[in-house]
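Protein chains in written order, with this note's numbering: chain A, 9 to 217; chain B, 55 to 241.
The beta carbon of each residue, even a glycine, is placed where N, CA and C say it ideally should be.
This structure is a prediction, so every number in the text was calculated from the model and none was measured.
Before any comments, here is the structure.
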Amino acid sequence: MTTSTIPFTLGAAAAALVGARQAHAPEAVLVSTMSAMFALDMLGETARRIDSVPLMGGAGGLGLGIALARPDVPVVVLDGDASLLMELGTLATVTQNRPCRYLHVVVNNGVQFNGATNFPAANAGPQVDFAAMARAAGYARSARIDSFDAWVAALPGLLSASGPSFVDLVVQPDRRVVSEQRPQPILPDVQFVRMRMGARKLKAELAAR
Amino acid sequence: MTTPTPPSPLMVTNPPGGPSASALFAALKAAGVTHAVTVPDFVQFALHEKIFAADSGIASVLACAEDQALTTATGLHIGGALPVVMVQNQGMFKVANTLRATCLDAGIPMVFLVGQFGREAGNVGQPMSDSGRSMVRLMAPMLGAMGVRTFVVEEDADVPRVAEAFAHAQAAETAAVVLIGRHVTWN
C-alpha cells in the first residue's frame with residue numbers, strides 16, 4: 009500500500025508525527041490538547057509530553073513558556089481548531105516572544121467533540137484560513153497541509169526549523185460514536201489529574217535533559 | 055510655544071503613598087524571578103518600566119490576554135524558570151478557568167502581582183471590601199472562593215508580603231496573589 013491511499017485522519021497524522029519525532033528530534037516536547045491528546049494516547053506516546061486539559065485554548069501558551077525557558081529544546085504544539093479560536097491572540101503572543109524552535113500545528117477537522125458528536129466548530133463555515141492568520145501574525149513559516157504524503161514529507165524540515173512555524177493540518181473528523189442510542193460516558197478521573205501528573209513528569213524530564 | 059494642557063476636571067489626584075517600584079523590584083529579584091509575564095497593568099506602570107529596562111535581569115514576556123499569560127508562565131515553570139504574572143484585577147476575573155486548571159488542579163506554584171485598578175481615592179485607607187468599584191470590592195472574595203490566598207501590599211512596609219506569597223505558592227503548590235492596592239510609585 010502506498011502512503012497516498014491512507015485517509016488523512018488525526019490518528020494517521022499523529023502516528024507520522026510520533027515517528028518523525030523519534031527519528032529527527034527525540035528531545036522535542038509535545039504539548040497537546042483535546043483530540044490530539046487522545047490520538048497520542050492511542051499511540052502510547054507519553055515521553056516529554058503535557059496536555060492542556062481540561063483547558064481548551066491553553067496549549068499554545070504552555071508550549072511557548074516551555075520554549076522560552078528551554079530555547080535548546082524544540083516544542084511541538086498540537087492545538088485544536090476550536091481551541092485556538094478561543095485564544096486566537098496566542099498567535100501574536102507567540103511571535104512577539106520569538107521562541108527558538110516552536111512548531112504550532114492546529115488540527116483542523118472543523119468539528120467540536122471530535123469522534124463524539126462532531127458538532128460543527130465555529131470555523132466550519134465559512135472556512136477560516138488559519139495559515140494566513142499565522143502568517144499575518146508573523147510566524148516564520150506557515151502552511152496548510154491536507155494530505156498524509158505532504159505531512160510526512162514536511163515533518164523533518166518542520167522539526168528542525170528555527171523560529172515559530174505553523175501548520176494548518178486539515179484532517180477528516182473521526183467517526184461519530186455518541187448518539188441517543190449510545191450516550192456519552194462519564195469522563196474518567198484521569199482526565200482531571202493528567203495535567204498535574206504530566207507537568208511533574210515533564211518538569212523532571214526537562215531538568216534531566 | 056504651546057500651552058500646556060490643563061488637567062482634566064474628571065481626573066482625581068492620587069493621594070500620597072503606595073509601594074515603590076524599587077522595593078517591589080528588589081523583592082522579585084530576591085525571590086529569584088526570571089520572567090515577568092504580563093498584560094500590563096495601570097497600577098503597576100512604574101514596576102513595569104523597571105522590569106522592561108534592558109539591564110533589569112528579569113525577562114519581560116508580553117501576552118495578548120491573561121489566559122495566555124498564565125499558560126505561558128505555567129510552561130516557563132515546567133521548563134525550570136521562575137515566572138511572576140503581572141496583571142490587573144479585571145484580568146484576574148477573566149482568567150478564572152485557566153487559574154483553576156493550572157494552579158489549582160495541576161498544582162503549579164505561581165505568584166501574581168495584581169493591581170487593584172479602579173480603586174477610588176475615598177477608599178484609600180479603608181478596607182477594599184468597602185470600595186464602590188466592583189472590580190476592587192470583589193477581587194479578594196472571588197479569589198477566596200477559589201481557595202487562593204491574597205497578600206495585600208499598599209505601602210513599602212507591606213512589601214515583605216511578596217516573599218510570603220512566593221513561600222506560600224511553593225509550599226502549597228498553588229497560586230498566591232499579591233494585591234497591589236495603591237499605584238506603585240516611581241522611586
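Round the Cβ separation of residue i and residue j to the nearest angstrom and send it over; I've been treating them as touching at under 8 Å.
i: residue 163 of chain A; j: residue 28 of chain A; result: 4 Å
i: residue 169 of chain B; j: residue 97 of chain B; result: 3 Å
i: residue 108 of chain A; j: residue 130 of chain A; result: Contact doesn't hold; Cβ gap of about 32 Å is too wide.
i: residue 126 of chain A; j: residue 191 of chain A; result: The pair is not a contact, with the Cβ atoms about 15 Å apart (cut-off 8 Å).
i: residue 200 of chain B; j: residue 154 of chain B; result: 7 Å
So which residues of chain C does residue i contact, with C-beta pairs closer than 7 Å?
i: residue 62 of chain A; result: Although the question refers to chain C, the structure presented lacks it and instead comprises the protein chains A and B.
Would residue i be called buried (16 or more neighbouring beta carbons within 10 Å of its own) or exposed?
i: residue 144 of chain A; result: exposed
i: residue 165 of chain A; result: exposed
i: residue 142 of chain B; result: buried
i: residue 59 of chain A; result: buried
i: residue 95 of chain A; result: buried
i: residue 160 of chain A; result: buried
i: residue 111 of chain B; result: exposed
i: residue 200 of chain A; result: exposed
i: residue 183 of chain A; result: exposed
i: residue 152 of chain B; result: buried
i: residue 30 of chain A; result: exposed
Once DSSP output is grouped into helix, strand and coil, what is the label at residue i?
i: residue 156 of chain A; result: helix
i: residue 132 of chain B; result: helix
i: residue 164 of chain B; result: strand
i: residue 23 of chain A; result: helix
i: residue 16 of chain A; result: coil
i: residue 200 of chain A; result: helix
i: residue 191 of chain B; result: helix
i: residue 142 of chain B; result: strand
i: residue 163 of chain A; result: helix
i: residue 182 of chain A; result: coil
i: residue 109 of chain A; result: strand
i: residue 138 of chain A; result: helix
i: residue 207 of chain B; result: strand
i: residue 32 of chain A; result: helix
Less than 7 Å separating the Cβ of residue i from some heavy atom of the ligand NAD?
i: residue 105 of chain A; result: This structure lacks the ligand NAD; in fact it carries no ligand of any kind.
Taking residue i as the query, report the chain B residues whose CB atoms sit under 8 Å from its CB, ordered along the chain.
i: residue 192 of chain A; result: Those within 8 Å of residue 192 of chain A in chain B number zero; the least Cβ separation is about 21 Å.
Along chain B, in chain order, which residues have C-beta atoms closer than 7 Å to that of residue i?
i: residue 97 of chain A; result: 118, 119, 122
i: residue 203 of chain A; result: 155, 159, 160
i: residue 200 of chain A; result: 159
i: residue 104 of chain A; result: 116
Could you work out which residue in the options is closest to residue i when comparing CA atoms only?
i: residue 124 of chain B; options: A:78, A:82, A:186, A:73; result: A:73
i: residue 113 of chain B; options: A:106, A:210, A:22; result: A:106
i: residue 98 of chain A; options: A:137, A:128, A:135, A:141; result: A:141
i: residue 81 of chain B; options: B:94, B:167, B:126, B:146; result: B:167
i: residue 110 of chain A; options: A:52, A:169, A:26, A:183; result: A:169
i: residue 85 of chain A; options: A:68, A:91, A:101, A:78; result: A:68
i: residue 221 of chain B; options: B:146, B:163, B:209; result: B:163
i: residue 241 of chain B; options: B:135, B:76, B:234; result: B:76
i: residue 196 of chain B; options: B:137, B:231, B:178; result: B:231
Can you pull the chain A neighbours of residue i, defined as C-beta to C-beta under 7 Å?
i: residue 130 of chain B; result: 73, 76, 77
Anything in chain B within Cβ reach of residue i, meaning under 9 Å, just list it in chain order.
i: residue 233 of chain A; result: The first residue shown for chain A is 9 and the last is 217, placing residue 233 of chain A beyond what the model contains.
i: residue 153 of chain A; result: What residue 153 of chain A touches in chain B: nothing, since even the nearest Cβ is about 25 Å away.
What does residue i touch in chain A if you count any residue whose Cβ is under 8 Å from its own?
i: residue 108 of chain B; result: Under the 8 Å cutoff, chain A gives no residues; its nearest Cβ is about 16 Å from residue 108 of chain B.
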